[in-house]
Structure formats: C-alpha cells, structure tokens
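Asker:
There are 2 protein chains.
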Amino acid sequence: MSKNTFFTVGPSEMYFSVEMHMKEAFRKQIPSISHRGTAFQNLYRHAAGHLRELLQLPESYYVLFINSGTEAWERILQNCVEKKSCHLVNGAFSKRFAVTAQELGLETEVIETPDGQCIDPKNMLLSNDSELIALTYNETSTGAMQPVSDITSIRNGFQNTILAVDVVSAAPYINFNVQDVDCLFFSVQKGFGLPAGLGVLIVNEKCLSKAVKKQESGKSLGSYHSLPSLIEKAEKYETPATPNVLGIYLLGKVAEEMNLKGIDQIRKETDQKAAIIYQAIEDCSYLKPFVEKKACRSKTTIVAELHDPAEHKALMDYLSAQSMKVSTGYGKHKDKHIRIANFPALSKEQMERLADALVAFKKVEV
Amino acid sequence: MSKNTFFTVGPSEMYFSVEMHMKEAFRKQIPSISHRGTAFQNLYRHAAGHLRELLQLPESYYVLFINSGTEAWERILQNCVEKKSCHLVNGAFSKRFAVTAQELGLETEVIETPDGQCIDPKNMLLSNDSELIALTYNETSTGAMQPVSDITSIRNGFQNTILAVDVVSAAPYINFNVQDVDCLFFSVQKGFGLPAGLGVLIVNEKCLSKAVKKQESGKSLGSYHSLPSLIEKAEKYETPATPNVLGIYLLGKVAEEMNLKGIDQIRKETDQKAAIIYQAIEDCSYLKPFVEKKACRSKTTIVAELHDPAEHKALMDYLSAQSMKVSTGYGKHKDKHIRIANFPALSKEQMERLADALVAFKKVEV
C-alpha cells in the first residue's frame, strides 16, 4: 500500500521529523516521566520558548497548553466575558465560537458576512457592553483569511475590548502583529503537522486581569483550566492536570526545527506554494477559487468550488487513486468544494504534484 | 543509559506493546486520518467495544472520550448537578473533586475521613438535596481503596442519587459491579500504561437525563463537552472536537490485549503482585503500610510510610540508582511516604525486584 499524502485541513500530513521524534521520545521514556518533575518542566520551557520565537510573542504573553482549539473557545469566553461577547462570523467555525458563548449563557452580538468573504472593519459598530471581540483569522470552512490591515484597524478601533483571534488553521503562518491581539489559539494537528490532542492558548495580562475581576465578582471561571489556574502552573512550567506530555515534547521539537528554517522563510514558502495551487485552480475550467476577493484568500487552507457538483465524487476518487487526500467542502458546501491544506509539512514538490493532478483531471474546454 | 522501570503512580510504565503499536500507527498514517471519517469511527468503535468487555459494562452505558480524569470531575458536576453535590473525601484527589464543585459555584456536602482511611457508609447521612455522590474508589494520594461491599451499600442506601466513582488509578482493576454506579472515569496513563492526554468518561442514561433536565431549566452544561453533545457524537462513534486520535487507537489496542488475557487473570495477577509488595513492606523495619486497615489497602497504588522521614531521600536515591522510579508521598506526606504503582504494565518479576530492593535497603534491626 503506497503512502497517502494528506492535503486535508486537519488532521493533516505529519511534519517530516515527527515519526523520528516519536521514536526518540520512547527511547528516552518521555511517556513515563512525571508531569510534576524537572524533566517535564524542561519540556514545557523548551516548547513554550520555541513557540515564543516562532510566533514572535512578547515575553509578557503566557503560553498555555490545553487540549484543542475547541476547548480554547470555551475557556476564553468562560474567563474573559461576564455578560456579552461580539463575534465576527463568516463561516462554520467562527459561528461555533459564537454558539459556544450562547451555550455558556452569554449574550452575543454577531456581525455576520456571507461565507467566502471577510468582515469589513469599516462597517463595524460595537455596542458598549461587548467585552470581547472574537475574530477567526482563517476560516477553515471557507478558505477566507482576514487581511492583516483589518486586524490593525479593529485593534485601533476597540482598544479596551479584548481581541481574541482564532488562528487554528493558520499558525505558525501569522502575518499580523501578535501585539495587536490579546489572545490567540490553535491546535497542533494543522499547521504544525502533529498528531491531534493538544491545543495552545496564548493570552496577555489583559485577559488574566479580566478573569480575576470576573472571579472576584463571584462568578465561576470553570475549574482546573481557568486562566488563573493555568497561569499559576505555567509560571513554573507545569499544567493543572496531567497534560499530553508527548504532544508537548513533539511540539517543542517541531517548533525548534521551524525556527532553524525561520518564520520568514516558512511564510515565503507558504506564499509560493499557495500561488501554485491558486494558479492550478485558475487553470482548471471546472474549478474556481471559492473566495472571490484575492486579498481574502487563505494561504494555508485553499478552497476551490466546482462549477458542476456532479463532478465532485469523481474528482475526490481520482485524487485518492493517486494517493492524494484533500478535504471535502464543509457543511452545506460538502459536495461543492474541495479544501486543500498548505501547511509547512507539505513540500513544494507535493503541492506541484497536486496542482498537476488537478489540471490533468479535466482538460480546459475552450 | 539503562532503562528505568517506572513504578510511579501515573504517568507510569508503558504497557509492553505500546511502542510497537505506536510504530504501526505511523506506518498506517493514523495521526493524519480525519476525525470525521470511517477510519476514525472504526477506531472509536474498536476501543469502546474492548473497554466495554474489559470493564464489563452494560450496553446501555455510554463510553465517552475526553482529555483527562481532571476534566471528568468538571464535566460530571457541570452536567449532573444543579445545586448540590456530596463528596466522600479521604485524601487530596477526592478533595479536589469537591473543590471543583465549589469552583463551579455548586454547594457541597463533604463527608471527610482522615487520610489513609475509607469512608464508613454506615455513618453516611445525606441531606435531601444532594443530587450526586462523588466517591473516589482508589485515593492515589494515600493508597486507600474503598471496599467493594461499601459501594453496594451506598448504592442501596441512595438509589435515586447519581453515584459517580473516580477509578482513575484503579481501572481496569475494578472489583465492584459497574451497574452499581451511574458514572465512572479514568485517564489512560495509569492502569492502561499509555501516554497521558486521554480520559474516559462512562455514564448511564440517568446521568444524561439529569443533564437534559438541567439544560431544559435554562442552565448551562458547558459547551462542546456537555453530556448531550458528547453522547450525540458518540452515537455515531465521533467526538465533538478533534480528539487525541492516536491515544484512542493505542487504548483500543491495549484493551484488546488485556481482553486476550482476561480481566479475571489481570485482577488475580494484580492481587498477587500487591501481596508481594505489602509483604516486603512488612519485612522492612523502616517501613509500614500507610493504610492500617487491610481491607482498605489499595491493590493498584501501594503507599508505605517511613518510620524516619530522614531516610526518605536515601531510599529514593537508592532505588533510582537501580533504575527503579517510585513516587514520593503526596502533598503533606511528600517526604514521609513512597507510593508504588502496581499496574498491569508491571510484571511479577519487576515487582519482585522492587520488593527485594526494598528489603535489602536496610536490614531488619531486631
């Protein structure tokens, strides 16, 4: 059986060195070490340090390990909002961020834009009592990526509001200035090419202060994964519960290797590989980019729409037969779209092979 | 560097086949498969099925995958208690279960017994409004294991109350009748000898009904990991968020192997190995079992007290020098106790080697 290449948007292709690091972890008995000892503290310090370098995080931001991007939605809202949060919704995942707030009993202010578009910050009017703005930098369900200048505009427009940014399927490719946001989070099975089961939540002092204030007013922040609890442990490179130790070890190793390459080079390669795929989509008469506005097209999760949904199954089967796995569309777009990951684990050669296959599927009918 | 044997109470020694299954998982590209596809559903079905057999669970109980035993405390209380829970506290972990309830804003009724003892159900009086009884079957901090007959007594005494039992450091060794309890949970880095980062939460219909009732009264159950949300996905062998796919795969493999051996044989071996260690402790003039009452002594996490805490460091160093890692005492007992795991991953030969070393540390001074 030949190996598949996973262009799926997460879980996705493993970063080239993960299997080797996993073997090494077992050789070093990492899965058996105590989460309350020096060896674990060193793993945490190593992983957090390399993430800090890779994502260009200021020292004042806390790097916290949780279990998934989905958990991040819950913890941020539970800790940083007392009454009302504002959600910029342009797809299924930004919508779930808003639904999470509603499930937690919060009021939500939803600013919605059709799938495939980005929110225009010029039209943003926020009620006075929204304590947090939830923005999805890269909407995995549609392939829309918010332009960097918009994040700066939102920051400038709402300086006192907590700005929480979902970078689940974008990290480590983040083009915006991290200092413009108060909170960001991702899971490792996407851009980091790691096995699922670990999330990273990054917050600044403003988020912590808000949580402490909420707690002091007698409201619950949840329990073991409240921000004060996570941060108290993080200060000594520990976690409140036994974490995914192996996941943190692997993340540290991969982040270290990414730093050897350098984030600028990773961004450059990501842009080049994205250009190859978007060009292929343009060259295919049966496909078009789902996101019309070029400035909003994601570099990391590329979504193409089929002119004729009847061809969807044939295209998926055709790629599968060549050991290439891409994601279907999400939700209502399931049989109309294909979604292609462009994460650091996927090489230029692999993206070119996919691009060639897409073009060869059905010759341009002029 | 010689390999250590981890007699630590969790994370602990890996089950003998875990490294092999991990290699196989990478060969089969398990870390890259989608959590929304048939391959993952088959993993879930396989793992849940083997857990069902191993733990002798009725078909009507739901097997849910979460992230840790700590998370289980939060989710159970968040979903199954509206106002008040009752906690049987006899050590640090049963206490944290109660503290979790308080952090979630619930009232708690605490029935406390000194460390090293078990709650006597004969003395249990419960106020009418406690909706859930939280019992820690095996208190990892002290090495006290609740006698099976007590669980039956509590069940008979409080038939309408939800009985939630923490079996974190006991599973798969569970001697009680699972049908006597409504909810049980554990994490995989203890008795299953797996890498940390996965928890298993098992609930019956009574827990689900209670959660639905709480939700209908307008109260929040949390978000993605509420019981209705977990169970809705579990019905089709999926999870609400991307789970620790690799952890579920490994758990299924190890549970399958444990079933080949059979739970009766695992219990028998556990009892035999426990007898070896308790005998060694009796044979050591410098040690005594911390739990006085024999019927309350844990079979899976054995705690010994040093007559002279000044010898603690020397004992730990002496065992370390022979590549044997045991846990220190917990909390206030840190330098007075050693805690020894007796999980299925540890062979009779390994337990005998530890027993011999304990006896040889300091000859009996008669």
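Respectively, the protein sequence lines represent chains A and B.
So the mapping is simple: our numbering equals the position in the first sequence, first residue as 1, plus 5.
So the mapping is simple: our numbering equals the position in the second sequence, first residue as 1, plus 5.
C-beta atoms are modelled at their ideal positions from N, C-alpha and C, and glycine is treated no differently.
List, in chain order, every chain B residue whose beta-carbon is nearer than 7 Å to that of N249 of chain A.
Answerer: By one-based count along the first sequence, residue 249 of chain A stands at place 244. A201, G202, N249, listed in chain order.
Asker: Closer than 6 Å by C-beta to L363 of chain A: which residues in its own chain qualify, once you throw out the five before and the five after it? Chain order, please.
Answerer: Here the question's residue 363 of chain A lines up with position 358 in the first sequence. Only A285, C289 meet the Cβ criterion.
Asker: Closer than 9 Å, Cβ to any Cβ of chain B: which residues of the region 223-251 of chain A, in chain order?
Answerer: Flagged, chain order: G223, K224, S225, L226, G227, S228, Y229, H230, S231, S234, P245, A246, T247, P248, N249, V250, L251.
Asker: My understanding is that M356 of chain A touches K278 of chain A, with C-beta atoms under 8 Å, so please give their C-beta distance in whole angstroms.
Answerer: Taking the first sequence and counting its residues from 1, the one referred to as residue 356 of chain A is at position 351. Taking the first sequence and counting its residues from 1, the one referred to as residue 278 of chain A is at position 273. That pair is a contact at about 4 Å.
Asker: Report yes or no: is there a C-beta of chain B within less than 9 Å of the C-beta of V115 of chain A?
Answerer: Here residue 115 of chain A refers to the residue found at position 110 of the first sequence. It does not: the Cβ of V115 of chain A has no partner Cβ on chain B nearer than 9 Å.
Asker: As a quick exercise: from B:V172, B:V173, B:M129, pick the residue whose alpha carbon is nearest that of R160 of chain B.
Answerer: By one-based count along the second sequence, residue 160 of chain B stands at place 155. Measuring from the Cα of R160 of chain B, the nearest candidate turns out to be B:M129.
Asker: Considering only DSSP beta bridges, list what T333 of chain A is partnered with.
Answerer: Along the first sequence, read from residue 1 onward, the residue named residue 333 of chain A stands at position 328. Per DSSP, A:I343.
Asker: On the DSSP letters alone, give me the boundaries of the beta strand (DSSP E) that L82 of chain B sits inside.
Answerer: Sequence index remark: in the second sequence, residue 82 of chain B carries index 77 (1-based). Run containing L82 of chain B: none in the beta strand (DSSP E); it sits in the alpha helix (DSSP H), 74-85.
Asker: Would E40 of chain B pass as an interface residue toward chain A - the criterion being a Cβ-Cβ separation below 9 Å?
Answerer: Counted from its first residue, the second sequence places residue 40 of chain B at position 35. In the sequence as displayed, the identity of residue 40 of chain B is His instead of Glu. Output row for H40 of chain B: interface = yes.
Asker: Kindly list, in the order they appear in chain B, the residues whose Cβ is closer than 9 Å to that of L292 of chain A.
Answerer: As a position in the first sequence, residue 292 of chain A is number 287, starting the count at 1. Within chain B, no residue comes near L292 of chain A; the closest Cβ sits about 22 Å away, beyond 9 Å.
Asker: Got a sec, what are the start and stop residues for the beta strand (DSSP E) P294 of chain A sits in?
Answerer: Residue 294 of chain A sits at position 289 when you count from the first residue of the first sequence. Here the beta strand (DSSP E) through P294 of chain A covers 292-294.
Asker: Taking the beta strand (DSSP E) that I138 of chain A falls in, what are its first and last residues?
Answerer: Residue numbering aside, residue 138 of chain A sits at position 133 when the first sequence is read from its first letter. Segment 137-141, the beta strand (DSSP E) holding I138 of chain A.
Asker: Let me check understanding here. Comparing Cα to Cα, which of B:V170, B:S192, B:S37, B:F191 lies closest to N182 of chain B?
Answerer: Along the second sequence, read from residue 1 onward, the residue named residue 182 of chain B stands at position 177. Of B:V170, B:S192, B:S37, B:F191, the residue nearest in Cα terms is B:V170.
Asker: Taking CB distances under 9 Å as the criterion, tell me whether T305 of chain A reaches chain B.
Answerer: Looking up residue 305 of chain A in the first sequence gives position 300. It does not; no Cβ of chain B falls within 9 Å.
Asker: Is any beta-carbon of chain A found at less than 9 Å from that of F348 of chain B?
Answerer: Within the second sequence, numbered from 1, the residue matching residue 348 of chain B stands at position 343. No, because no Cβ of chain A sits closer than 9 Å to the Cβ of F348 of chain B.
Asker: Apart from the five residues on each side of it in sequence, which residues of its chain come closer than 6 Å, Cβ to Cβ, to E58 of chain B?
Answerer: Here residue 58 of chain B is taken as the residue at index 53 of the second sequence, counted from 1. Same-chain partners within the cutoff: N264.
Asker: Using 8 Å for Cβ pairs, my map puts P233 of chain A next to Q220 of chain A. What's the rounded Cβ distance?
Answerer: Your numbering for residue 233 of chain A matches position 228 in the first sequence. Your numbering for residue 220 of chain A matches position 215 in the first sequence. That pair is a contact at about 7 Å.
Asker: Any idea if D313 of chain B is buried or exposed, counting beta-carbon neighbours within 10 angstroms, 16 or more meaning buried?
Answerer: To locate residue 313 of chain B, count along the second sequence from 1; it is residue 308. The residue is exposed, with fewer than 16 neighbouring Cβ atoms inside 10 Å.
Asker: Return the bridge partner residues of M150 of chain B from the DSSP annotation.
Answerer: Position 145 of the second sequence holds residue 150 of chain B. Bridge partners of M150 of chain B: B:N143.
Asker: Quick one: Cα of E370 of chain A to Cα of I124 of chain A, how far?
Answerer: Residue mapping note: residue 370 of chain A aligns to position 365 of the first sequence, counting from 1. Residue mapping note: residue 124 of chain A aligns to position 119 of the first sequence, counting from 1. Residue confidence is low: E370 of chain A scores 43 on pLDDT, short of 50, so the model does not pin down where it sits. No coordinate-derived value is stated.
Asker: Alpha carbons only, please: which of A:T118, A:G148, A:S135 is nearest the one belonging to I307 of chain A?
Answerer: By 1-based counting over the first sequence, the position of residue 307 of chain A is 302. Minimum Cα distance to I307 of chain A is reached at A:G148.
Asker: List the endpoints of the continuous beta strand (DSSP E) containing T275 of chain B.
Answerer: Taking the first residue of the second sequence as 1, we reach residue 275 of chain B at position 270. From DSSP, T275 of chain B is part of no beta strand (DSSP E) but of the alpha helix (DSSP H) over 268-288.
Asker: Counting pairs of Cβ atoms below 8 Å between the region 96-116 of chain A and the region 240-250 of chain B, do you hit three or more?
Answerer: They do not touch, by the three-pair rule.
Asker: Can you list, in chain order, the residues of its chain whose CB lies under 6 Å from that of A52 of chain B, leaving out five sequence neighbours each side?
Answerer: One-based indexing of the second sequence puts residue 52 of chain B at position 47. So the list reads I253, L256, G257, once near-sequence residues are dropped.
Asker: Which one of B:Q151, B:A365, B:L324, B:A216 has the shortest CA to CA distance from L137 of chain B?
Answerer: Mapped onto the second sequence, residue 137 of chain B falls at position 132. Selected option, being the one with the closest Cα: B:A216.
Asker: Please name the residue, chosen from A:K353, A:K88, A:R272, A:S39, that lies closest to S303 of chain A on a Cα-to-Cα basis.
Answerer: Along the first sequence, one-based indexing puts residue 303 of chain A at 298. Ranking the options by Cα distance to S303 of chain A, first place goes to A:R272.
Asker: Return the CA-CA distance between K3 of chain A and D134 of chain A, expressed in angstroms with no decimal places.
Answerer: Since the first residue of chain A shown is 6 and the last is 371, residue 3 of chain A is not available in this structure.
Asker: Around the C-beta of K95 of chain B, are 16 or more other C-beta atoms found within 10 angstroms, so that it is buried, or is it exposed?
Answerer: Counting from one through the second sequence, the residue named residue 95 of chain B turns up at place 90. The residue asked about is misnamed: residue 95 of chain B is Asn in this sequence, not Lys. It is buried - the Cβ of N95 of chain B has at least 16 other Cβ atoms within 10 Å.
Asker: How long is the line joining the alpha carbons of N47 of chain A and L131 of chain A, rounded to whole angstroms?
Answerer: The residue labelled residue 47 of chain A in the question sits at position 42 within the first sequence. The residue labelled residue 131 of chain A in the question sits at position 126 within the first sequence. Roughly 43 Å between the two C-alpha positions.
Asker: Taking DSSP as the reference, what is the three-state secondary structure of E24 of chain A?
Answerer: Within the first sequence, numbered from 1, the residue matching residue 24 of chain A stands at position 19. Helix.
Asker: Looking at Q83 of chain A and S231 of chain A, is the spacing between their C-beta atoms short of 9 Å?
Answerer: As a first step, residue 231 of chain A must be located in the first sequence, where it is residue number 226. As a first step, residue 83 of chain A must be located in the first sequence, where it is residue number 78. In contact: S231 of chain A and Q83 of chain A (Cβ atoms closer than 9 Å).
Asker: Quick one: residues in its chain with C-beta nearer than 8 Å to the C-beta of T118 of chain A, no 5 flanking neighbours on either side, listed in chain order?
Answerer: Here residue 118 of chain A refers to the residue found at position 113 when the first sequence is read from its first residue. Closer than 8 Å at Cβ, skipping near neighbours: L93, V94, N95, I124, D125.
Asker: Given that a residue counts as buried once 16 or more other Cβ atoms are within 10 Å of its Cβ, and exposed if not, what is D361 of chain B?
Answerer: Position 356 of the second sequence, counting from 1, holds the residue named residue 361 of chain B. The residue is exposed, with fewer than 16 neighbouring Cβ atoms inside 10 Å.
Asker: Can a CB atom of chain B be found closer than 9 Å to the CB of R358 of chain A?
Answerer: Within the first sequence, residue 358 of chain A is the residue found at index 353, counting from 1. No, its Cβ sits nowhere closer than 9 Å to a Cβ of chain B.
Asker: Let me know the secondary structure DSSP gives G257 of chain A once reduced to three states.
Answerer: Position 252 of the first sequence, counted from the first residue, corresponds to residue 257 of chain A. G257 of chain A falls in the helix class under three-state DSSP.
Asker: Which residue comes first and which comes last in the beta strand (DSSP E) that contains L311 of chain B?
Answerer: Walking along the second sequence from the start, residue 311 of chain B turns up at place 306. 306-311 is the span of the beta strand (DSSP E), which, as asked, contains L311 of chain B.
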